[in-house]
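Residue numbers (my numbering): 168 to 435.
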């Protein structure tokens, strides 16, 4: 709905000299008129009576990783998990509904509330997932918890060096414990198969719907090539009802320059 007339509302304008208005007119997706009294009534423009309700400008989140969030909606979510056993039960449940050897990906684990005197390790995951590779990112996003199968598929061993500025946690024998800090997460994350593009776009649309329900109408997105590709597909097909500003990560900058991406490329 690109044109709409709002009436009988308490509309916050953001203008310090006239912060409130009763009516607002949107034409072709842009605010054309706002004020008290009666907004212009134009043919073909639907009128919505707010019944005295509050209307706010759309919110914009200035730092998100939106594709990561969208794909996470279908992952093993550990928000609210209060113990290691509960976390492992979620992994085991997902395995029961997965194909042989399928990757199990999760997020948002927080061992600080599990009442443990140690951090979780790969052997914990091995108890429930000996044959499925597992990758679970922490609540903060700066640590990944993986199992032995995942380490083996990624070729991470006792002799694997720490990536610059990050760390592979190791035991007293130098063996990886299953915790990967900062960019070391990519050692395993890079071997997880990319999602099917159609599914990625479907999950983006689902995530956008959730964002809309919370008042978000735009984002500044900090992600690389895959995210740009999937958002671009939605935009070309007229299915992107969301404003997105992409910030290119430093490690993708050369690629972006080669592709000719510059500030101002894109549309509404």
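Heads up, the beta-carbon is just placed ideally off N, CA and C, and yes, glycines get one too. On a predicted model such as this, the values are computed, not experimentally measured, just so you know.
Taking residue i as the reference, give the member of the options with the closest Cα.
i           : options               : result
residue 258 : 277, 353, 233 and 299 : 299
residue 284 : 250, 254 and 329      : 250
residue 302 : 325, 280, 326 and 276 : 276
residue 434 : 402, 418, 421 and 426 : 402
residue 331 : 351, 321, 341 and 360 : 351
residue 265 : 320, 398 and 243      : 243
residue 237 : 388, 428, 206 and 207 : 388
residue 173 : 188, 428 and 411      : 188
residue 316 : 337, 294 and 327      : 294
residue 227 : 178, 378, 199 and 404 : 378
residue 281 : 246, 313 and 267      : 246
residue 211 : 171, 267, 392 and 314 : 171
residue 396 : 206, 380, 205 and 411 : 411
Kindly list the residues whose CB is nearer than 8 Å to the CB of residue i, restricted to its own chain and excluding five residues on each side of it in sequence; keep chain order.
i           : result
residue 181 : 224
residue 318 : 289, 324, 343, 345 and 355
Excluding the 5 residues preceding and the 5 following residue i in the sequence, name in chain order all residues of the same chain whose CB lies nearer than 6 Å to its CB.
i           : result
residue 234 : 390 and 394
residue 191 : 173, 178 and 201
residue 239 : 274
Let me know if residue i comes out buried or exposed under the rule of 16 or more other beta-carbons within 10 Å of its beta-carbon.
i           : result
residue 262 : buried
residue 426 : exposed
Can you tell me where the beta strand (DSSP E) holding residue i begins and where it ends?
i           : result
residue 179 : 177 to 179
residue 202 : 197 to 202
residue 191 : 190 to 194
residue 345 : 343 to 348
residue 174 : 171 to 174
residue 273 : 271 to 276
residue 231 : 226 to 231
residue 291 : First-last for residue 291: 289 to 295, but that is the alpha helix (DSSP H), not the beta strand (DSSP E).
Just reading off the alpha helix (DSSP H) that residue i is part of, what are its end residues?
i           : result
residue 386 : Not the alpha helix (DSSP H): residue 386 falls in the beta strand (DSSP E), residues 383 to 389.
residue 359 : Premise fails: residue 359 is in no alpha helix (DSSP H) and is neither H nor E.
Please confirm if residue i has its CB atom under 8 Å from at least one CB of chain C.
i           : result
residue 356 : As a matter of chain content, chain C is missing from the structure shown, which is built from one protein chain.
Between which residues of its own chain and residue i is the CB-CB distance below 7 Å, once the five residues before and five after are set aside?
i           : result
residue 333 : 348, 349, 350 and 351
residue 169 : 195 and 196
With three or more beta-carbon pairs closer than 8 Å as the criterion, would you say the region 405 to 416 touches the region 368 to 383?
yes
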